[in-house]
């Protein structure tokens, strides 16, 4: 059913705002059947991408669609429910999807919509202003070419300080394959190049400024489950250190365990790490205060200030551990102030921090191996050298000089440099972040190769991850969390029986990977954060109660997991239609061939056959054959055969 410019609060019906950039037109789609099947966020986006995006087109084709959905519970009083998802066919060639927090989820909901479907290509640069009444198509010629911060400043001045703004920088405008869409100044739809797709449509920004309503079916029940969720989150052993250090809590531990991605994954530990890039060093010398996304009781985000040196006076968001692991470890920059500057450059240009650091690390290694000359670059790129690294960031974002090649990403770059495949650290076209797999093979690391968006760490997680070292087994990882934390786990008993032994002392990695993937689909579909206090305490049971109270359904935890399983399979089938094969489910050769140095000595390469065995077991649990193709009975059981 299609409607135009109606003002109405959201209820059980899913309400999608369809925007035609080419014709400067918009309509509404209302569908009551979508909500209980796909929820919102990544769930709704997956359905729309699967059903309405042609898998034969180029990612930069005008026919590519962009879908932006708030989580099903975003903008409510449910603790930590603030997040939104952006999805399209990625410049990697496969599923492109990325998640962001802040207050954008609320901003979308107050426009009385669940999602945006952006189609076509504008004839000239535009930005959109959206409220509960509809869409205004504004000329963006005067801000085309401006960086993200300038763009946000301009639009907030024009549309109001309370407007929620997502925008691209020069990287998105010029088609950098890993360009981000920035959410405000510092939040980001970072991975998979959604900014490049947005730029290809001549869409500079979207402003949300609605005054709509968010309705709740069972207000009493919703308040009760909100309180229960808050109590569980606040009861987690992980709350204190997450609130104090945020994601930086793992910085020192990763160095001690030898799993840093140091110098393009050649060193798992770095000398004087704790004294220069550790969590306590950051807290003492840079952190000013903590802050939180909408509705979050944790407050794990930091506001920092550089107090001395060349950049004294700089105030910015951070430090996040991704920043320090990518620029501090992968690229070897030891000065936190310079790491913050690199991140600031990425935010202004609108580029994914992980992919940017990765392509630069790859280039530096190419240079060290004499596969690229100084004359090809114009200067010497070096690990730890802020001047050359920051210069490369600028060149990439503007697609100038060597930046033109780097802007294509490692998956494309390695085709130009024969013999570099072993240290081209990407999976399915997406650069690998954060952790070295040789240091600790676990559920999270298996997730790097089974992830439907490529080499990434944020779409498959385990609610029982512990920051302790152990001997690699490939099939099992030990269970370290406390008895108290185990009692807070919100995992269906029949799933627990498959994942854990009895009594629980170890975790079956393939089973946990399957469950962890479905759990993260639910988190992303409902708009939840995945910080440890939430991940360890909230699961399908609590989510179903909150969803039912808000929308008036009666879905139990088993139904939620079945729907999540369908969503994962739809993402995978989309990739298969794009040409993905089982051969892509592997780590770069570096991890199978080379030892990794760390403070405890050396760790051996991964065992190729044991990794493959864990992978095949995961395929089996998914109902796929050994070539990663879903079996007919799987498609029928999940109802996907009726959608295809």
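Residue numbers (the working numbering): 504 to 1147. Glycine included, each C-beta is placed from N, C-alpha and C at the ideal position.
For residue i, which residues of its own chain have a beta-carbon under 7 Å away from its beta-carbon, when the five flanking residues on both sides are left out?
| i | result |
| --- | --- |
| residue 581 | 729, 732, 798 and 1049 |
| residue 604 | 585, 586, 690, 796 and 1032 |
| residue 1117 | 949, 977, 978, 1012 and 1013 |
| residue 1038 | 964 and 966 |
| residue 575 | 542, 543, 544, 1028, 1029, 1030 and 1050 |
| residue 1111 | 1095 |
| residue 858 | 681, 912 and 934 |
| residue 1059 | 1047 |
| residue 1157 | Any property of residue 1157 remains undetermined from this structure, which presents the chain solely from 504 to 1147. |
| residue 1002 | 1010, 1011, 1014, 1015 and 1018 |
| residue 816 | 809 |
| residue 1034 | 745, 801 and 803 |
| residue 705 | 624, 625, 627, 628 and 629 |
Per DSSP, residue i is paired with what?
| i | result |
| --- | --- |
| residue 709 | 631 and 669 |
| residue 1105 | 1100 |
| residue 1015 | None, per the DSSP bridge assignment. |
| residue 522 | 529 and 621 |
| residue 1076 | Partner(s): none; residue 1076 has no beta bridge. |
| residue 684 | 692 |
| residue 1066 | Note: residue 1066 sits in no beta bridge, so no partner. |
| residue 572 | 588 and 618 |
| residue 930 | 933 |
| residue 1133 | 1127 |
| residue 1010 | 980 and 1003 |
| residue 968 | Looking at the DSSP assignment, residue 968 forms no beta bridge with any residue, so it has no partner. |
| residue 818 | 808 |
Pull up the distance between the alpha-carbon of residue i and that of residue j, whole angstroms please.
| i | j | result |
| --- | --- | --- |
| residue 990 | residue 740 | 12 Å |
| residue 542 | residue 577 | 11 Å |
| residue 967 | residue 1019 | 10 Å |
| residue 862 | residue 921 | 16 Å |
| residue 917 | residue 864 | 13 Å |
| residue 707 | residue 830 | 28 Å |
| residue 533 | residue 620 | 13 Å |
| residue 507 | residue 516 | Bear in mind that a pLDDT of 34 at residue 507, under 50, signals an unreliable position, so the model cannot answer this. |
| residue 932 | residue 1052 | 41 Å |
| residue 738 | residue 1036 | 8 Å |
| residue 1067 | residue 1023 | 9 Å |
| residue 526 | residue 554 | 22 Å |
| residue 509 | residue 667 | At residue 509 the pLDDT is 35, less than 50, meaning the model places this residue with poor confidence; the figure from the coordinates comes in the next sentence. One C-alpha to the other measures close to 21 Å. |
| residue 818 | residue 647 | 26 Å |
| residue 1057 | residue 539 | 9 Å |
| residue 1091 | residue 1133 | 25 Å |
| residue 602 | residue 947 | 18 Å |
| residue 896 | residue 910 | 10 Å |
So, are the CB atoms of residue i and residue j less than 9 Å apart?
| i | j | result |
| --- | --- | --- |
| residue 938 | residue 960 | yes |
| residue 748 | residue 786 | yes |
| residue 952 | residue 930 | yes |
| residue 1114 | residue 1137 | no |
| residue 700 | residue 592 | yes |
| residue 1028 | residue 1121 | no |
| residue 696 | residue 599 | yes |
| residue 925 | residue 1097 | yes |
| residue 767 | residue 839 | no |
| residue 1108 | residue 1042 | no |
| residue 610 | residue 711 | yes |
| residue 572 | residue 536 | no |
| residue 1021 | residue 1141 | no |
| residue 793 | residue 806 | yes |
Once the 5 residues before and after residue i are set aside, which same chain residues still bring their CB inside 8 Å of it?
| i | result |
| --- | --- |
| residue 714 | 613, 634 and 635 |
| residue 1119 | 1129 |
| residue 883 | 870, 877 and 891 |
| residue 1155 | Past the edges of the chain, shown from 504 to 1147, lies residue 1155, and the structure says nothing about it. |
| residue 501 | Since the first residue shown for the chain is 504 and the last is 1147, residue 501 is missing from the structure and cannot be characterised. |
| residue 908 | 916 and 919 |
| residue 1144 | 1135 and 1138 |
| residue 985 | 740 |
Please list, in chain order, all residues of the same chain as residue i whose beta carbon is under 6 Å from its beta carbon, the five residues on each side excluded.
| i | result |
| --- | --- |
| residue 674 | 682, 852, 853, 854 and 900 |
| residue 1158 | Because residue 1158 is not part of the residues shown, which for the chain are 504 to 1147, the question remains open. |
| residue 1080 | 558 |
| residue 502 | Within the shown structure, residues of the chain are numbered from 504 to 1147, placing residue 502 beyond reach of any answer. |
| residue 1085 | 1130 and 1131 |
Is any heavy atom in the ligand FAD found nearer than 8 Å to the beta carbon of residue i?
| i | result |
| --- | --- |
| residue 1106 | Absent from the structure shown: the ligand FAD. Ligands present: none. |
With a threshold of 8 Å, are at least 3 pairs of Cβ atoms found where one atom belongs to the region 819–833 and the other to the region 655–668? no
Okay, do the region 757–770 and the region 1099–1107 touch, 3+ Cβ pairs below 8 Å being the bar? yes
Stretch pair the region 830–849 + the region 773–783: three plus CB contacts closer than 8 Å: yes
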